[in-house]
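Notes for the one structure printed next.
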Amino acid sequence: MSDDKPPRVLVLYPVRGVMALVYTFFAFLMLIITLGYFAFLFKSIGINDVYSLALAFSFSFLSFVFSPVNLVLKEINREALLPEVDVIYVFGIPVYVPRLSYQARKTLVAINIGGAIIPVAISSILLFFTVKLSPLIPILVLVNTALVTLVSNRFSRVLPGVGVVMNPLIAPVTSSLISLLLFSHLAIFIPISAYISSVLGTLIGADLLNMKKIIDASPQIVSIGGMGTFDGIFLSGVFSIILGEFFLTLVH
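Next comes the structure, spelled out in structure tokens:
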């Protein structure tokens, strides 16, 4: 008896062949670059240097290793109106007649570990520690996240066969500028607020709020954060830390 249940874990490489080697090289380079930035974030919330570096290395390394790994969240079965071509013969000559018909389509909705789950985990840790420092800080961070969500949803587009596309600098620039305004009196939290709001704002605004449009395109697989360390969620977080630290130096 066959099992029709979809696999719970999908290992998908966004590129193949020679480009896979190029992707791996730049992903490893991203690991090295993000190490110092993540360590800075953890030190900013009061974690000592050794543990900050350990956490930063763990999260950077896991993001790199689990970039191709996706966890299947849901299977959607639906009928989609798709083009077909019928062939009829007129006096022995084939005539191709296009038509539309409803066909059963299956879409797997998944989330990428390296490109989505790990950035959300980092954001959750940072948000948890800000709650312990002051109840006002997480409220301001969530306000920032809501604004970045609106901006990300406004500027993101769904392209059939491609997925969600958005300028990778929109969320980081927005989150960093808002963080600068909200935390000018507590400048050390500018990079933290920028990272959390950029990651969560991109995830919610660009991916989750566009999910219906994505599924309407009837792809076989929808992977949130599917490009791993080169996905918009991960990259927007990294860019936001860089901008946040830049604004931090300006304030000081």
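Residue numbers (the numbering used here): 1450 to 1701. Beta carbons are placed, not taken as given, at the ideal position from N, Cα and C, and that holds for glycine.
Under the 10 Å beta carbon count, residue 1611 is surrounded by fewer than 16 other beta carbons and is classified as exposed.
In this model, residue 1467 and residue 1671 are separated by some 25 Å (Cα to Cα). Residue environment for residue 1549: exposed (fewer than 16 other C-beta atoms within 10 angstroms of its C-beta). Taking the CA atoms as reference points, residue 1626 sits about 50 Å from residue 1533. Per DSSP, residue 1672 is not a residue of any alpha helix (DSSP H); the beta strand (DSSP E) it occupies stretches across 1670-1673.
In the three-state scheme derived from DSSP, where H, G and I count as helix and E and B as strand, residue 1548 is classed as strand. Secondary structure at residue 1659: helix, using DSSP grouped into helix, strand and coil. Bounds of the beta strand (DSSP E) holding residue 1608 are 1606-1608. The beta carbons of residue 1614 and residue 1624 sit no closer together than 8 Å.
For residue 1692, the number of other beta carbons within 10 angstroms of its own is at least 16, and it is reported as buried. Taking residue 1643 as the centre and dropping the five residues before and after it, the same chain places the C-beta of 1624, 1625, 1628, 1689, 1693 closer than 6 Å to its C-beta, in chain order. The way I'd put it, the stretch 1487-1495 does touch the stretch 1574-1584; three or more beta-carbon pairs between them come closer than 8 Å. Note on geometry: alpha-carbon atoms of residue 1551 and residue 1536 lie some 18 Å from one another. When secondary structure is reduced to three states using DSSP, residue 1534 falls in the strand class. Distance from the CA of residue 1659 to the CA of residue 1609, rounded to the nearest whole angstrom, comes to 12 Å. Look at residue 1560 here: in three-state DSSP terms it is strand. Just measuring C-alpha positions, the residue of 1570, 1649, 1602, 1598 sitting nearest residue 1507 is 1570. In the structure shown, the three-state DSSP call for residue 1635 is coil. When DSSP states are grouped into helix, strand and coil, residue 1603 belongs to the helix group.
Relative to the Cα of residue 1599, the nearest Cα in the group 1587, 1524, 1555, 1655 belongs to 1655. DSSP, read as helix, strand or coil, puts residue 1621 in helix.
Contact between residue 1662 and residue 1607 holds: their C-beta atoms lie close to 4 Å from each other, under 8 Å. When the five nearest sequence neighbours on each side are left out, no beta carbon in the same chain lies closer than 8 Å to the beta carbon of residue 1539. Taking a C-beta distance under 8 Å as the contact criterion, residue 1593 and residue 1652 do not qualify as a contact pair. Around the Cβ of residue 1562, a 10 Å sphere holds 16 or more other Cβ atoms; the residue is buried.
The three-state reading of DSSP puts residue 1553 in strand, counting E and B together. DSSP, read as helix, strand or coil, puts residue 1525 in strand.
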